[in-house]
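Read in order, the letters of the sequence shown correspond to residues 152 to 253 in my numbering.
Every residue, glycine too, gets a C-beta built ideally from N, C-alpha and C.
Keep in mind it's a predicted model, so treat the numbers as computed, not measured.
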Amino acid sequence: MSDPTTPASWGIQLSKLWLLCGQGFPVDVKQIALEVTKQKFSDPIGIIKGHNISGIDGMLSRRSRGDWCISFDETVKIQGRINFTLGHEFGHYLLHRLYKSE
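Put into structure tokens, the structure is as follows:
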């Protein structure tokens with residue numbers, strides 16, 4: 152079975168997996184991103200951490216070891232906003248990480 156190709160289809164698949172594992176809401180995006188990518192991909196998300204870069208809510212970056220890092224503005228204290236940012240960057244990972252810049 153191939154991986155989803157749209158944001159909606161990824162969201163549906165990951166929501167079903169989350170509920171199948173007996174989890175409820177709110178969704179722990181950090182746990183999903185770390186665990187699912189470790190199980191499914193050779194270039195997983197290896198770390199999710201806060202950063203202190205003014206004006207940048209979140210960022211997805213490839214690390215020299217070949218895995219990925221999601222970082223988010225550590226000054227944000229609202230968990231829902233952090234989860235939104237993590238989900239947004241996780242979406243970039245799922246949909247765009249294999250594209251090469253020209």
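On a Cα-Cα basis, can you pick out the residue from T188, L211, G217 and R216 that is closest to H239? As a first step, residue 239 is located in the sequence shown; it is residue number 88 there, counting from the start. Checking every option, the nearest Cα to that of H239 belongs to L211.
Mind checking who I196 pairs with in its DSSP beta bridge? Numbered from 1 along the sequence shown, position 45 holds the residue referred to as residue 196. Paired residues: W219.
So G201 packs on S222, CB below 8 Å; how close in whole Å? In the sequence shown, the residue the question calls residue 201 occupies position 50. In the sequence shown, the residue the question calls residue 222 occupies position 71. Indeed, because the Cβ distance is near 7 Å, the residues count as touching under 8 Å.
Per DSSP, cross-strand counterpart(s) of H202: What you label residue 202 is simply residue 51 of the sequence shown in a count that begins at 1. Residue pairing of H202 in beta bridges, as defined by DSSP: D224.
Mapping the DSSP letters down to three states, classify Q242 as helix, strand or coil. Numbered from 1 along the sequence shown, position 91 holds the residue referred to as residue 242. A small fix is needed here, since residue 242 is Gly in this sequence, not Gln. G242: helix per DSSP, three-state reduction.
Give the DSSP-derived three-state secondary structure of S323 in the structure shown. There is simply no residue 323 to check, as the chain begins at 152 and stops at 253 in what is shown.
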